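In this note's numbering, the protein residues as written are 1 to 84.
Think of the CB as a built atom: it goes at the ideal place given N, C-alpha and C, for glycine as much as any other residue.
Since the structure is predicted, the reported quantities are computational estimates derived from the model, not experimental observations.
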Ligand SMILES: [Zn+2]
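What follows is the structure in structure tokens.
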């Protein structure tokens, strides 16, 4: 037999676990320090070839690499080069 207490306990557990899942999936408003994806990390498979090119950020010729996605990345400051 299902008692009202058991039903209430079950509802409490479901709502608590649901709130826990929502809190985990919710984006952290103050988590800006560990934001991922702002600086593209260079994997070996992404770099097709390397060449010297003018870096608009450092205002000098640096080693750039051509990415598989079609962009160009400065190897010194990791900013997109002229060709991006
Ligand atoms: Zn650079």
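Residue from the options with nearest C-alpha to residue i
i	options	result
residue 56	72, 19 and 16	72
residue 77	59, 15, 70 and 68	59
DSSP three-state assignment for residue i, whether helix, strand or coil
i	result
residue 61	strand
residue 24	helix
Proximity of residue i and residue j at Cβ, strictly below 8 Å
i	j	result
residue 75	residue 67	no
residue 61	residue 53	yes
Beta-bridge partners of residue i, as assigned by DSSP
i	result
residue 80	73
Proximity test, Cβ basis, 8 Å: residue i and chain B
i	result
residue 9	The question asks about chain B, but that chain is absent: this structure has only one protein chain.
| Mind listing, in chain order, the residues whose beta carbon lies closer than 7 Å to a non-hydrogen atom of ligand 1? | 55, 57, 58, 62, 74, 76, 77 and 79
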